[in-house]
Structures are given as C-alpha cells and as structure tokens.
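Novice:
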Amino acid sequence: MRALGPGSVSSFLKIILDVVFAALWIGVAVFALIALVAMLLTFNPDLLPNIRLSGELEGQTVRTTAIKELTKNGPSLTSGLFAAGLYLAGILVIVGSLRRIFTTLTAGDPFHPDNVARLRLIGLMLAGLELGRYGFWMIGAWLLPGVDHVEPSLSLTAWFSVLVVFVLAEVFREGARLRREAELTI
2 MRALGPGSVS
12 SFLKIILDVV
22 FAALWIGVAV
32 FALIALVAML
42 LTFNPDLLPN
52 IRLSGELEGQ
62 TVRTTAIKEL
72 TKNGPSLTSG
82 LFAAGLYLAG
92 ILVIVGSLRR
102 IFTTLTAGDP
112 FHPDNVARLR
122 LIGLMLAGLE
132 LGRYGFWMIG
142 AWLLPGVDHV
152 EPSLSLTAWF
162 SVLVVFVLAE
172 VFREGARLRR
182 EAELTI
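Laid out in structure tokens, this is it:
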C-alpha cells in the first residue's frame, strides 16, 4: 500500500484525524459548558432552588450539605475543569496541525513549506502541555496544601517526542529547500 497520495495510508490517517478533531471540538465545548455551570453554581448556589433531594445526613438535608460542599470545593472543581479544557484545546491544536500536514501528504506534497511551521507548532504545543502539567501540579500543591499530591515525574517520553518533532521540522525544512532548488533547475 502506498504511503502518499489519494487512497493511501496517509489519506486513511487523515480521515481518522478528522473524526478525532470533531470529537475534540465537542469535548472542548462540553468542558467549557460544565466549567461555566460549575463556576456559576460556586458563586451562586441558589441557582438550584428547585432541586429536591430526599434523605438526611446527620440531621441535615442532603441538599443543604451538597450546596455547602459545592460552595467550598467549587473553585478547585472549576479550576480542574478549566485545566482539562485547556489541555483538550492544546490537543485540538496538535490534531488540527496534523490534519493539515496529512492533507498535504494525501495530495502527494510532503515537503510543503507550511509543514515546517505546522511541525514547529506541534512541538511547541507538546512542550507547552508538559510544562502546563508541571505548572498545574505546582499551583495545586500551593493552593491545596492539605491534600495529598502525586509528585510529578519528569516524562522523558514527552520531552523526547518534543525533540523528535523539532528534528522532523528541520528535516521537512531541508526537504522543502531541496524541492525549491530542484524546481529552479532546468
């Protein structure tokens, strides 16, 4: 089976990336909506006045206890949802760039000059996601000192992937330069 052009492996992968891209957009929208609702309920729990929960918990109604817990834990819930939404948005940028790269591969033009910038963007986003993971851990450890936290480990796989993508960007840059020179040759 061919690697480039219509009906190739790259066109099959492009279809998969299109499906994942659509699913990520839906995921980002759902996370944004849930984070907005969580934020609204954190600042104004009376937005749920008609919710009737049955049962009692140590003499208090379940609804009162739930509202108190939401008010107390709402900011950490909202920030966690916001971080997850940002992470999904970063993955969305990566998949979007991969879709555009695979579009050029399907067209039979792997060394398209724009692929260099796309690969660099993917490398920057991978590095940003990994740094964001460290940052989110530090902020969580600082803001929630009483909660047991898992120590972040240095992910060699993630940083190796970042380096590989930047090297591939340079390979594609050199391929685009050689193609430009070949087009000028008579």
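Numbering of the sequence shown is given in the working numbering, commencing with residue 2 and proceeding in unit increments. We treat Cβ as the ideally placed atom computed from N, Cα and C, and that holds for glycine.
From this set, W143, R134 and R121, which residue's C-alpha is nearest A170's C-alpha?
Specialist: Residue mapping note: residue 170 aligns to position 169 of the sequence shown, counting from 1. Of the listed residues, the one whose Cα sits closest to A170 is R121.
Novice: Distance, Cα to Cα, V20 vs A118?
Specialist: Taking the sequence shown and counting its residues from 1, the one referred to as residue 20 is at position 19. Taking the sequence shown and counting its residues from 1, the one referred to as residue 118 is at position 117. In a straight line, the C-alpha of V20 is about 23 Å away from that of A118.
Novice: Using a Cβ-Cβ cut-off of 8 Å, state whether L106 counts as contacting chain C.
Specialist: Annotation note: the requested chain C is absent from the structure, which comprises a single protein chain.
Novice: From which residue to which residue does the alpha helix (DSSP H) around G136 run?
Specialist: Stepping through the sequence shown from its first residue, residue 136 is reached at position 135. Per DSSP, G136 belongs to the alpha helix (DSSP H) from D115 to L144.
Novice: Given a cut-off of 8 Å, decide if M40 and T79 are closer than it, judged by their beta-carbon atoms.
Specialist: By one-based count along the sequence shown, residue 79 stands at place 78. By one-based count along the sequence shown, residue 40 stands at place 39. Yes, the pair counts as a contact, with Cβ atoms nearer than the cut-off.
Novice: Please report the straight-line C-alpha distance between S9 and K15, rounded to a whole angstrom.
Specialist: Counting from 1 along the sequence shown, the entry for residue 9 is found at position 8. Counting from 1 along the sequence shown, the entry for residue 15 is found at position 14. Taking the straight line from one Cα to the other gives about 10 Å.
Novice: Between L99 and I123, is the Cβ-Cβ spacing less than 8 Å?
Specialist: The residue labelled residue 99 in the question sits at position 98 within the sequence shown. The residue labelled residue 123 in the question sits at position 122 within the sequence shown. Yes, they are a contact pair.
Novice: Counting C-beta neighbours from all protein chains within 10 Å, is the total for T107 16 or more, i.e. buried, or is it exposed?
Specialist: Locating residue 107 in the sequence shown gives position 106, where the first residue counts as 1. Result: buried.
Novice: Under the rule that 16 or more other beta-carbon atoms within 10 Å means buried, what is F161, buried or exposed?
Specialist: Stepping through the sequence shown from its first residue, residue 161 is reached at position 160. Per the 10 Å Cβ criterion, exposed.
Novice: From what residue to what residue does the alpha helix (DSSP H) around S162 run?
Specialist: Numbered from its first residue, the sequence shown carries residue 162 at position 161. Residues L157 to L185.
Novice: When you compare each of L89, G109 and E152 to G129 by their alpha carbons, which one comes out closest?
Specialist: Residue numbering aside, residue 129 sits at position 128 when the sequence shown is read from its first letter. When only C-alpha atoms are compared, the closest one is L89.
Novice: Once DSSP output is grouped into helix, strand and coil, what is the label at G6?
Specialist: Residue 6 sits at position 5 when you count from the first residue of the sequence shown. Reduced to three states, the DSSP call for G6 is coil.
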